[in-house]
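> In the working numbering, the protein residues as written are 48 to 566. Structure in structure tokens, see below.
Shown next, in the form of structure tokens:
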């Protein structure tokens with residue numbers, strides 16, 4: 048075959064080549080997962096739920112120890128999992144996270160062990176890429192444009208990180224993005240479009256069963272579709288309005304019914320915990336918004352195109368393609384501006400602002416529309432070059448960055464778990480629930496007690512003495528140390544026990560306690 052024909056054939060297949068490279072990259076990220084440890088402690092809490100379901104028990108509570116003395120200590124404030132990871136709901140000690148993702152992960156876990164926990168995030172990440180790839184084909188993007196769009200999503204954004212994290216974000220992103228593509232892209236006959244609009248709305252609203260903030264996206268889509276119809280902007284003219292609204296309402300109804308049945312509130316466990324506590328939303332909403340936007344720009348430089356893209360699409364809105372792009376950009380802006388102040392949380396340990404990464408597929412598709420428009424003009428470099436530069440910069444930040452972050456995170460979190468599993472002492476004191484959440488894989492073998500003061504340590508030592516134990520271990524999170532453990536001294540003497548520092552286990556200082564008295 049002639050080299051020119053080979054080059055043309057490869058160019059036509061370039062989007063599939065980018066997808067294949069992405070698949071290889073995500074499989075390489077899986078190699079960093081070394082055991083039953085997680086990128087954050089909240090995933091550890093979801094792991095506890097998943098273990099309940101994998102054992103055939105559909106319960107959403109934290110199981111208390113079977114020994115009465117240990118259960119009494121937990122009830123007296125030494126439970127290793129506390130608010131906000133554990134909340135009281137109708138007299139039950141329920142874990143803070145929705146049941147669906149742990150439930151869906153239970154069967155792969157039973158089949159494949161801890162590796163099975165990452166099957167759903169990995170597969171739904173791939174499905175998300177395929178959804179964007181199909182959208183590029185439906186819009187007749189040039190292979191180079193489609194390849195750039197996919198490269199921006201796979202290598203130039205933080206989303207790929209979550210394919211190797213035990214979190215429900217990837218499945219929720221896939222459902223919401225697939226729904227939005229069905230709603231905003233229609234090159235199908237009218238009859239087919241009615242069913243596509245209904246299915247799209249259903250997928251968008253149903254994704255809230257995995258991530259509640261997608262209800263905001265459903266509301267944005269409903270609002271934009273209604274305003275577009277009323278003002279005759281025709282931003283979403285292909286989505287049959289009654290069928291779209293019916294899909295959104297059906298998904299929201301299912302969400303509410305499921306949550307009422309399980310948690311007694313239509314908005315689910317997070318709403319119950321939020322309404323029951325005055326600890327919610329400590330940071331000012333504007334501060335959270337600024338932090339989220341700065342993080343998005345830092346981890347996903349292509350997001351800088353959203354404001355100028357809105358102006359371009361508005362200016363050229365006589366084009367059906369640009370009306371579609373305007374809808375994507377307006378939904379993206381709504382996600383970026385509304386979700387952080389409503390959620391009132393920056394996200395903790397994460398790679399990129401995970402609450403607003405729903406905007407990423409829409410932004411890369413909007414960028415693809417701009418590249419296609421510029422490609423047909425005589426001087427596209429002025430428009431295309433900044434987009435290519437943003438994608439390249441995002442790939443430079445994310446591809447090596449997320450790899451280092453994941454590998455380092457899993458490796459360091461595995462150190463204390465291996466230590467705990469290797470020692471024979473059945474009782475561990477921890478000074479913060481973050482420590483216990485890192486060690487949830489050992490909960491079925493060892494007892495953990497949360498001790499946040501010398502008085503609680505003494506109470507634990509006396510209770511252990513009454514059970515015939517003469518020593519126990521303390522793992523101290525150095526960032527949350529209380530006096531007299533501040534500064535990690537080599538020896539600490541309390542009224543009921545003397546603590547000798549053994550060294551560091553990962554990021555925790557380990558102490559052996561010799562119990563002095565049971566009085």
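Glycine included, every Cβ here is placed at the ideal spot set by N, Cα and C.
Buried or exposed for residue 396, going by 16 or more other Cβ atoms inside 10 Å?
By the 10 Å Cβ count, residue 396 comes out exposed.
> Write down the C-beta distance between residue 521 and residue 560 rounded to the nearest angstrom, noting that I regard them as a contact closer than 8 Å.
About 6 Å; that satisfies the 8 Å criterion.
> Apart from the five residues on each side of it in sequence, which residues of its chain come closer than 6 Å, Cβ to Cβ, to residue 486?
If we look at residue 486 and ignore the five residues flanking it on each side, its Cβ neighbours are 464 and 467.
> Could you tell me the distance, in whole angstroms, from the CA atom of residue 325 to the CA atom of residue 130?
Because residue 325 sits at a pLDDT of 48, beneath the cut-off of 50, its placement in the model cannot be relied upon, and the following sentence gives the value as read from the coordinates. Roughly 12 Å between the two C-alpha positions.
> Any contact of the region 443-453 with the region 70-85, i.e. 3+ C-beta pairs under 8 Å?
Flag = yes, the region 443-453 and the region 70-85 touch.
> Count the CB pairs spanning the region 193-207 and the region 394-412 that are closer than 8 Å, and state whether there are at least three.
With a cut-off of 8 Å, the region 394-412 and the region 193-207 count as touching, because enough Cβ pairs lie within range.
> Output the residue ranges of the beta strand (DSSP E) runs that lie fully inside the region 119-144 and measure 3 residues or longer, sorted by chain position.
You should have 133-136 and 139-142.
> Quick check: residue 116 and residue 510, are their CB atoms within less than 8 Å of each other?
Yes. Within cutoff.
> Residue 166 and residue 149 - do their beta-carbons sit closer together than 8 Å?
Cβ atoms of residue 149 and residue 166: not closer than 8 Å.
> With distance defined between alpha-carbon atoms, name the residue in 188, 305, 68 and 495 nearest to residue 478.
Looking at the Cα atoms, 495 is the closest of the given residues.
> In chain order, what are the residue ranges of uninterrupted alpha helix (DSSP H) at least 4 long that sit wholly in the region 145-218?
As far as the region 145-218 is concerned, its whole alpha helix (DSSP H) runs of at least 4 residues are 147-159, 166-185 and 190-201.
> In three-state DSSP terms, what is residue 497?
In the structure shown, residue 497 sits in a strand (DSSP, three-state: E or B).
> Is it the case that the Cβ atoms of residue 132 and residue 143 are separated by a distance below 8 Å?
The answer is yes: Cβ separation under 8 Å.
> Comparing C-alpha positions only, which one of 125, 67 and 362 sits nearest to residue 506?
Closest by alpha carbon: 125.
> By the three-class DSSP mapping on this structure, what secondary structure does residue 519 have?
Three-state DSSP puts residue 519 in a strand.
> Starting from the C-beta of residue 537, find all residues in its chain whose C-beta is less than 6 Å away, skip the five residues before and the five after it, and write them out in chain order.
Same-chain partners within the cutoff: 548.
> Assign residue 458 to one of three DSSP states: helix, strand, or coil.
Correct three-state label for residue 458: helix.
> Go ahead and label residue 188 buried or exposed: buried means 16 or more other beta carbons lie within 10 angstroms of its beta carbon, across all protein chains shown.
Counting Cβ neighbours within 10 Å, residue 188 comes out buried, since at least 16 surround it.
> Between the alpha carbons of residue 294 and residue 250, how many angstroms are there, rounded?
Cα to Cα, residue 294 sits roughly 8 Å from residue 250.
> Which whole-angstrom value is the C-beta distance of residue 358 and residue 350, which I expect to be below 8 Å?
Actually they do not touch by this definition, with Cβ atoms about 15 Å apart.
> Where residue 412 and residue 442 are concerned, what is the direct C-alpha to C-alpha distance, given to the nearest angstrom?
One C-alpha to the other measures close to 17 Å.
> What three-state label does DSSP hand residue 392 in the structure shown?
Here residue 392 sits in coil by DSSP.
> Alpha carbon to alpha carbon, how far is residue 562 from residue 475? Give it in angstroms, no decimals.
So the alpha carbons of these two residues sit roughly 13 Å apart.
> Check for me: the beta strand (DSSP E) holding residue 545 runs from which residue to which?
544-552 is the extent of the beta strand (DSSP E) around residue 545.
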